[in-house]
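Residue numbers (my numbering): 822 to 1483.
Please read the structure below before turning to the comments.
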Ligand code: WT7
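If you want it as structure tokens, here you go:
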């Protein structure tokens, strides 16, 4: 299966934009020139051009309360109006907003006029349930049109959504409901995944059964089962979505809200056991989502069919399934299921069926398709594709080249986009009509965005050097805080580097390198955050889940490199001596792995779990994860001189080797 590309080094290949692509591209050189001439004016112009402001802003940025930023603060807009009504008013009501495809093959086509009407009804319903500006609504839904409708309805009335990924457990859901003090949960009976129904409503029931809660009502979308299906039902609390929306008007006038009105909270893992509620607001966030979606993906709303494969439970689903594409009036595919159900060509079949032209997905997916072989996509007509995007983790050059060659017919530009839940939108990416791309590199900060690679003191490194990724200037889509924890916000993101004259410097948590041309290459996290299949997981969160198990005395978790998922969770566990016998019985490691999956969600289940007698610690008691990572990745163990007890590592690695060869 060797191709000419595999025989040469990746860095030898660069790909200038195809001439026809460059000639018609949304983003031109003028963008960068305008941004460097006057950055704030650049953003003001973008915002005015891309969005409808009910009340125009006069001030662009207020950074006087740094690191708490205010963008376009005296302006007023309605986020949902920007994603819906204005497109209908402009005569585009018949344009398809969503080509929805359920995993079993059922489909729904939703136009902008229909989506607007559905959101108006849902907004009326929320109001009738007593939800108003600033109230928090938890959304625990699969990838169905109602997920989009629910998010936009919450936004439309100035309330705040907290979408919880459907793969998270009832305990994770409960923790998020409590932290945000949500008054309402919107869920579904279940969702189709891998040919089966994954129940969701039962998880909500379990979450709410765990003690007194702020939740007053649960709205349930009927997706997976027939209406006579027995679901736990609490009268007075639980309501069927379809019954309720049928009873309210489909007339609703979108009211303007201040640009800094909170739009959503999205929880993400940090370096401690407790997830952080990342807070995003309205005007700046929507400006950056729309701007990046248009320019990075070269969107032509009249003709393109766009597909972002991310779930709405992650930031990619917020910014590049819901807000960016809909603000731009795009037509997109929304798919409920997994890539390999009912067959391994499902994605390519969907691309052929809907003539997808812009595809945005994650390296982990690309690598698993590579593994399955090019014959599978080769059976489908992918000639509609004209641009491919990547997000979630560093993309290895081999996967980048395969993506371009096999999926993009050696013709489409590939954009590797670096950003985070916290940044709200894409920050570093090639612009497909301008940048000569390099496989594996995110390359350049977008016009209007300032990103640097700095050393530990916050000084920019020279081209050719490596260091940490830092953002020295505020940007419109930036997080406005951690919900309920301003001190943690300042400490986590703004205290790593000395402040500059212009204000504090944001630390992203990523290592990066600048090549001799000044292009940025991301090197992965430098903190105790893992990236598994493009999903962020905290070592501390999994460790605390493990030590909550009665058998476990101590646990250490590391992210070990994995060929497909980027990183994989590997756990080292010390069993309490009085449980040693239970633990010696077969199945212990599996039941501890299942415990983590049940407590946090299946994505957190350790790939491997090793029972050890001791953990390598420094004299001050800090676990040396670096050494455990060496073991988990099968490398020679690094420097152990700072260990309190140097014999510990020998014992661990002997056990590891024995188990691997067992
Ligand atoms: C972390 C953010 C951005 C939406 C999906 C993940 C890593 C993300 C890239 C990329 C290298 C990347 C970083 C970042 N990451 N995109 N193109 N190249 N690394 O969002 O869960 O907030 O995770 O994902 O480590 O810090 P997230």
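For each residue, glycine too, the CB sits at the ideal point set by N, CA and C.
Query                                                                                                                                                                           : Result
Please identify the residue among 1477, 1444, 1435 whose C-alpha is closest to the C-alpha of residue 1455.                                                                     : 1477
With distances taken from CA atoms, which of 1438, 1417, 1435 is nearest residue 1429?                                                                                          : 1417
Could you tell me the alpha carbon to alpha carbon distance between residue 823 and residue 910, rounded to whole angstroms?                                                    : Since pLDDT at residue 823 reaches only 31, below the 50 mark, its modelled position is unreliable, and the value read off the structure follows with that caveat. So the alpha carbons of these two residues sit roughly 53 Å apart.
Would you kindly check if the distance between the Cβ of residue 964 and the Cβ of residue 1486 is under 8 Å?                                                                   : The question about residue 1486 has no answer here: the residues shown for the chain are numbered 822 through 1483.
Out of 1091, 1354, 1114, which one is the CA nearest neighbour of residue 1347?                                                                                                 : 1091
Helix, strand or coil, according to DSSP, for residue 842 in the structure here?                                                                                                : helix
Compute the beta-carbon to beta-carbon distance between residue 1085 and residue 1422, rounded to the nearest angstrom, for a pair I have assumed lies under 8 Å.               : No, residue 1085 and residue 1422 are not in contact; Cβ-Cβ is about 20 Å, not under 8 Å.
Straight-line CA distance for residue 1367 to residue 1231?                                                                                                                     : 46 Å
Name, in chain order, the residues that DSSP records as bridge partners for residue 1264.                                                                                       : 1341
Tell me, please, whether the segment 1100-1112 touches the segment 855-869 by the rule of three or more beta-carbon pairs shorter than 8 Å.                                     : yes
What's the gap between the Cα of residue 1061 and the Cα of residue 1073?                                                                                                       : 21 Å
Which residues neighbour the ligand WT7 when neighbourhood means a C-beta less than 7 Å away from any of its non-hydrogen atoms? List them by chain order.                      : 1089, 1135, 1136, 1137, 1211, 1212, 1213, 1214, 1215, 1216, 1237, 1238, 1239, 1240, 1241, 1242, 1243, 1263, 1329, 1330, 1331, 1343, 1345, 1346, 1352, 1355, 1356, 1357
For residue 862, does the three-state DSSP call read helix, strand or coil?                                                                                                     : helix
Would you mind sorting residue 1297 into buried or exposed? The rule is 16 or more other CB atoms within 10 Å of its CB.                                                        : buried
For the alpha helix (DSSP H) that residue 1191 lies in, which residues bound it at each end?                                                                                    : 1184-1193
Considering only the beta carbon of each residue, do residue 1485 and residue 1053 sit closer than 8 Å?                                                                         : Because the chain spans 822 through 1483 in this model, residue 1485 falls outside it and cannot be assessed.
Here's the rule I'm using: 16 or more other beta-carbon atoms within 10 Å means buried, otherwise exposed. How should residue 825 be labelled?                                  : Confidence at residue 825 is low in this model, with a pLDDT of 34, below 50, so the placement of that residue should be treated as unreliable; the coordinate-derived value is given next. Classification for residue 825: exposed.
Can you tell which of 1379, 1395, 1390 has the C-alpha that lies nearest to the C-alpha of residue 1371?                                                                        : 1395
Nearest CA to the CA of residue 1331: which residue from 1319, 1344, 1323?                                                                                                      : 1344
Helix or strand or just coil, what does DSSP make of residue 1310?                                                                                                              : helix
Excluding the five sequence neighbours on either side, which residues of its own chain have a C-beta within less than 7 Å of the C-beta of residue 1170, listed in chain order? : 1201
Please classify residue 1460 as buried or exposed, where buried requires at least 16 other C-beta atoms within 10 Å of its C-beta.                                              : exposed
For the ligand NAD, any of its heavy atoms closer than 7 Å to the Cβ of residue 1266?                                                                                           : With respect to the ligand NAD, the structure offers nothing, as its ligand set consists of the ligand WT7.
Output the boundary residues of the beta strand (DSSP E) element that contains residue 1396.                                                                                    : 1387-1396
Please state whether the Cβ-Cβ distance between residue 1028 and residue 1007 is less than 8 Å.                                                                                 : no
Could you check the C-alpha separation between residue 1077 and residue 876 for me, to the nearest Å?                                                                           : 8 Å
Among 1438, 1352, 921, whose alpha-carbon lies nearest the alpha-carbon of residue 1425?                                                                                        : 1352
Restricting to Cα atoms, I'd like to know which of 1382, 1308, 920, 1413 is closest to residue 1129.                                                                            : 920
Closest by CA to residue 1058, which one among 1166, 1144, 847, 1035?                                                                                                           : 1035
Which runs of the alpha helix (DSSP H) fall wholly inside the segment 887-970 and span at least 4 residues, in chain order?                                                     : 900-904, 933-949
Just the C-alpha distance for residue 1030 and residue 1093, rounded to the nearest angstrom, thanks.                                                                           : 26 Å
Is residue 1468 buried or exposed, if buried means 16 or more other CB atoms sit within 10 Å of its CB?                                                                         : exposed
Could you spell out where the beta strand (DSSP E) holding residue 1066 opens and where it closes?                                                                              : Residue 1066 -> not in any beta strand (DSSP E); alpha helix (DSSP H) instead, spanning 1062-1066.
Which of helix, strand or coil does DSSP assign to residue 1223?                                                                                                                : helix
One question on the structure: do residue 1042 and residue 1009 come within less than 8 Å of each other, judged by their Cβ atoms?                                              : yes
I need the boundaries of the alpha helix (DSSP H) containing residue 1112, first residue and last residue.                                                                      : 1104-1117
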